[in-house]
Amino acid sequence: MNIKIEWKQCLKIGISIFALFLCINYWNAVANTISVFISGVTPILIGCVVAYMVNIFMSGLEKRYFPNSTKEGVIKSRRPVCMALAIVIVLGVIALLIYMIIPELIRCIETFINGMPDLIKEISQNKYVKRMVSQETLDQLKNMKWDSYLEKIGGFLFSGIGGAVNAVAAVASSVISVVATILIGIIFSIYFLTGKERLINQTKRVIKVVFKEKWYNKIMHYIYIFDDCFHGYIVGKLIDAVVLGGMCMLTMFILRLPYAVMIGTLIGFTALIPVVGAYVGTAVGAIMVLTESPMQAIIFIIIIMAIQLVEGNVIYPKIMGNSIGLPGIWVLAAVTVGGSLFGIIGMLIGVPIIAGFYKIASESIHKREEKLK
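First residue of the sequence shown? That's 4 in my numbering, and the numbers climb one at a time after it.
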C-alpha cells in the first residue's frame, strides 16, 4: 500500500514537472491558448462579475421583502422581484448620472470653444502669466482666428471621407462586438442569479467528489473567506466613492466654485474606476470650471488634488480596513504591488485577494499559537 502511494506521488510530481517544462519552453503557444480560452469565456466571466455585484443588492432586498411571510406567492415572487429591483436600481443610478453629467458637459465644451478668444484675452492680462510667457506669444494667441481653425479641422476630418467611412465601420464593428458580449454576459448573470442556490450546491457536490472530506472543508472555508473579502471590498469602494464625492462637493460649496453638485457627483462616480478614475473626473471638472473662470479652475485643481491625496492615503485605507479587516498599510501594499504586477486589474482585485490571504494566515498563526499553549 505504501509503495502504491509513493508511486502515485512520484507520478504527480513527474506530471507537474513535465507540465512546467512545456509551459516554459512553449510559453508563446501556452499564452495564445490561454488568450483564446479567455476570449471564449469572456461573456461567462462578465456574467459572473455582474451577477456577483447585483447579488449584493438582491440579497439585501430579499431580507426585507416580506421576510416573515409564509405565503407561497410571496416566497415564489421574492427572487424575481428582488432581482428585477436590484437591476433597475443599478441601471437607474447609472442612467441618472449620465443624464446629470453628459448634457452639462457638452454645454460646457461648447461654451469653452465659443469663449476661447475672451478666455485667452483674460489669461493674457493676468500678471502671473505675463511673467512666465513672452508678450509675443500672448499676442499670437490673442490674434488667432479660432473659427477658421475649427473650420480647417472640420475640413480635414471630412476630406478623407473614404478612409473615415472604413474607420467608422471598424469602430462600429468593435462597438457592436463589445455590446453583444456585454449583453450575453448580462443574460448569463440573470441565469446565475435565478438559480444561484442550485449552482452553489452543484459546485459543492463536485468539490466533495473530487477532494477528500478534510480538503473539502478547507476549500469551502477558503471560498467563504474570499467571498466575504470581495463583498466587503465592493461595499467599501462604494462608501469611499461617496465620501470622496461628498468631500469635493462640500469644499466647492465652501469656496463658492461653480458646478459643485455635478462635479462632486462626477468625481465620486469616476472614483469607482481604479487609479485613473478620480483624475479623469478632476480633468472633466476642471474644464467645466474653466468655462466660468481660469483662476477658479486653478484653485479647483489644487484643492481637489489635495483632497485626493488625503483621501487616498488616510481615508481609503481606513474604510477598506474596516470593510475587509485588512490594516491600512496592507491596503496600500496590495494596491502598489497589484498595480506593478498586473496594472489596473491588479489594483482592482489586489486588495480583496491580499485580505483573503491575510485572514487565512491569521487563522493559521492563531491555531499554532493555541497548540503551543
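Ideal Cβ positions, reconstructed from N, Cα and C, are used throughout, including at glycine.
Check: Proximity winner among Ile92, Phe69, Val91 and Ile27, relative to Arg81 (alpha-carbon distances); Outcome: Phe69
Check: Cα-Cα separation, Pro297 to Leu260; Outcome: 12 Å
Check: Other residues of its chain near Ala358: CB distance less than 6 Å, five sequence neighbours each side excluded; Outcome: Cys232, Ile327 and Leu329
Check: Residues near Pro46 by beta carbon distance below 7 Å, same chain, minus five either side; Outcome: Thr184, Ile187, Gly188 and Phe191
Check: Contact under 8 Å by Cβ, Ile301 with Met250; Outcome: no
Check: Inside the region 285–335 only - alpha helix (DSSP H) runs reaching at least 4 residues; Outcome: 297–313 and 319–327
Check: Alpha helix (DSSP H) segment containing Tyr68, residue limits; Outcome: Here Tyr68 belongs to no alpha helix (DSSP H), and DSSP marks it neither H nor E.
Check: Contact between the region 50–65 and the region 80–99 (3+ Cβ pairs under 8 Å); Outcome: yes
Check: Own chain partners of Tyr236 with C-beta closer than 8 Å, once the 5 adjacent residues on each side are dropped; Outcome: Met323, Ser326, Ile327, Val354, Pro355 and Ala358
Check: Continuous alpha helix (DSSP H) assignments of at least 4 residues falling wholly in the region 34–100; Outcome: none
Check: Inter-residue CB distance, Thr268 and Met103 (contact presumed, cutoff 8 Å); Outcome: 6 Å
Check: Backbone secondary structure at Lys217 - three-state DSSP; Outcome: helix
Check: Met265 versus Ile27, Leu108, Glu366 and Asn58, residue with shortest Cα-Cα distance; Outcome: Leu108
Check: Arg201 (DSSP reduced to helix, strand or coil); Outcome: helix
Check: Span separating the alpha-carbon of Ser365 from that of Leu344; Outcome: 25 Å
Check: Closest residue to Tyr219 among Thr206, Phe229 and Asp230 (Cα-Cα distance); Outcome: Thr206
Check: Simplified DSSP state of Ala274, which is helix, strand or coil; Outcome: coil
Check: Close beta carbons around Pro106, own chain, < 6 Å, minus the five adjacent residues each side; Outcome: none
Check: Gly76 CB to nearest heavy atom of the ligand SAH below 7 Å; Outcome: Looking at this structure, you won't find the ligand SAH or any other ligand, since it has none at all.
Check: Given Cys85 as reference, the closest of Glu372, Val334 and Leu196 once Cα atoms are compared; Outcome: Leu196
Check: Proximity below 8 Å, CB of Ile270 to CB of Leu241; Outcome: no
Check: Which of helix, strand or coil DSSP assigns to Pro106; Outcome: helix
Check: Alpha-carbon spacing of Glu200 relative to His369, whole angstroms; Outcome: 33 Å
Check: Residues near Glu314 by beta carbon distance below 6 Å, same chain, minus five either side; Outcome: Leu247
Check: Alpha carbon of Ile193 to alpha carbon of Ile363, nearest angstrom; Outcome: 32 Å
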